[in-house]
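Trainee: Here it is: the structure, laid out below.
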Amino acid sequence: MRPSLPASDYPSPLTEGELPYERARVEQIGRVGKFGENNAADWTPAPGTPPPPAQTNAAALYTALNTPTTGVCALLEKFGTGQQSGSSDFHGGATSKSVLRHGIMLDLSEWNETAGAIATAQNKPEIMDGFRVPHGVSAETLAAKARANAENAQALETGFIAPGYADDFVQEFLDRVQAFEQAEDDKATGLQKQTGSGGGLSATISEGLKIAKQLNVLMKKLYEKVPDKLAAWQTAFRTERVGRSKKAKTPGSPPAPPSS
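Here you go:
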């Protein structure tokens, strides 16, 4: 299983039970931002040295993420603490369709990467045909393609569980797809839109995820020969799955004693 983040290093530690979809994404963005604060020296060029393009890109992305007051992390913190007009309670109300879409797309991207590893190990490149990520499609098409991917993942269940997926990862994903189909658009969910150019919670999460995905490409290259830093980055960037409520199993009745 993936390691947990120390509570002293990253804000908003995960609590017992399910995380609402918005909170899971916000915490992921927060971890990425905190990683940037802790490791900024790794992509800060020495004085008088022209920075490589990758360093310039990383610095610009982290500026957009971590700038006080106006950065994505600062805006998300205001939403979470209710300091901003139009804030949303992460622990209540319906989840917007766009945020659910983000979660599904992130899962499908992760499945695509895992399927690639399985295809390589089994020398079966055709496996990848069942794990295409459907970009830019309608809600109906996304749901249909997501279910098709889930069927393919179910067929490779052992290969997915081996690197750390939960035993019921397919069912959790299908529950998410069903919630996506039933969700209302942002304007009807109770996610209060912030007025002005800043956008609302969904728009801010979307921007943060876009930045995090770009940083993921840069950090993987930067730390490809530094395994401890790469592991720390992967921990920060990981996507928390939002599982179904786990009900305690009721012990069955003991068998009746044999009749004499």
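Numbering of the sequence shown is given in numbering that gives the first Met the number 0, commencing with residue 0 and proceeding in unit increments.
Even glycine gets a Cβ: it sits at the ideal position worked out from N, Cα and C.
These figures come from a predicted structure and were not determined experimentally.
Quick check: L99 and F179, are their CB atoms within less than 7 Å of each other?
Mentor: Yes, these two residues count as a Cβ contact at 7 Å.
Trainee: For V176, which residues from the same chain have a beta carbon less than 7 Å from its beta carbon, with the 5 sequence-adjacent residues on both sides left out?
Mentor: Taken in chain order, the residues that qualify are I103, A142, A145 and R146.
Trainee: Look at S108 and V132 and say whether their C-beta atoms are less than 7 Å apart.
Mentor: Taking 7 Å as the Cβ cut-off, S108 and V132 qualify as a contacting pair.
Trainee: For E150, count neighbouring Cβ atoms within 10 angstroms of its own Cβ and tell me buried if that reaches 16, exposed if not.
Mentor: With fewer than 16 Cβ atoms within 10 Å of its Cβ, E150 is classed as exposed.
Trainee: Should I160 be labelled buried (16 or more other beta-carbon atoms within 10 Å of its own) or exposed?
Mentor: Exposed, since its Cβ has fewer than 16 Cβ neighbours within 10 Å.
Trainee: Got a sec, what are the start and stop residues for the alpha helix (DSSP H) K96 sits in?
Mentor: Segment K96 to Q121, the alpha helix (DSSP H) holding K96.
Trainee: Are there three or more Cβ pairs, one per stretch, closer than 8 Å when the segment 56-66 is compared with the segment 210-223?
Mentor: Yes, they touch.
Trainee: If you count every other CB in all the chains shown that lies within 10 Å of the CB of H101, and 16 or more means buried, which is it?
Mentor: Per the 10 Å Cβ criterion, buried.
Trainee: Indicate the three-state DSSP secondary structure (helix, strand or coil) for V225 in the structure shown.
Mentor: Looking at V225 - three-state DSSP - the assignment turns out to be coil, as it is neither helix nor strand.
Trainee: In whole angstroms, give me the CA-to-CA distance for L217 and D227.
Mentor: L217 and D227: Cα-Cα distance of roughly 16 Å.
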